[in-house]
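Participant: Let me begin by handing over the structure; questions about it come next.
Numbering (UniProt numbering), first residue to last: 1 to 84.
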């Protein structure tokens with residue numbers, strides 16, 4: 001089963017690649033294939049896992065709360081994402 005974007009439903013999903021590439025030519029081929037998306041060299045441990053090539057949404061593993069979402073205020077009576 002192919003992963004689908006939680007925003008637009010597209011199945012054109014790329015996995016993020018983090019770190020400095022040892023083989024730039026191979027790295028660029030992977031990016032051009034649409035199966036991978038560059039994530040940069042700095043890894044924080046709270047980085048997106050996938051990128052939607054259709055709507056550009058970056059999203060995370062199921063159950064993982066991105067750092068910016070944990071800081072958001074929840075509506076009255078609701079739990080904030082980081083309080084679980």
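Note that the Cβ used here is the ideal one computed from N, Cα and C, for glycine as well. As the structure is a prediction and not an experimental result, all values here were calculated from the model.
For the alpha helix (DSSP H) containing residue 28, list its first residue and its last residue.
Facilitator: Counting along the chain, the alpha helix (DSSP H) containing residue 28 begins and ends at 24–32.
Participant: At which residues does the beta strand (DSSP E) containing residue 39 begin and terminate?
Facilitator: Looking at the DSSP string, the run of the beta strand (DSSP E) that includes residue 39 is 36–40.
Participant: So, at 6 Å on beta carbons, what are the nonlocal neighbours of residue 27 in its own chain, with the 5 sequence-adjacent residues on each side left out?
Facilitator: These residues qualify, in order along the chain: 21.
Participant: So, at 6 Å on beta carbons, what are the nonlocal neighbours of residue 18 in its own chain, with the 5 sequence-adjacent residues on each side left out?
Facilitator: Answer for residue 18: 39 and 43, listed in chain order.
Participant: Relative to the C-alpha of residue 33, which residue among 8, 47, 16 and 4 is closest?
Facilitator: Taking only the C-alpha atoms, the option nearest residue 33 is 16.
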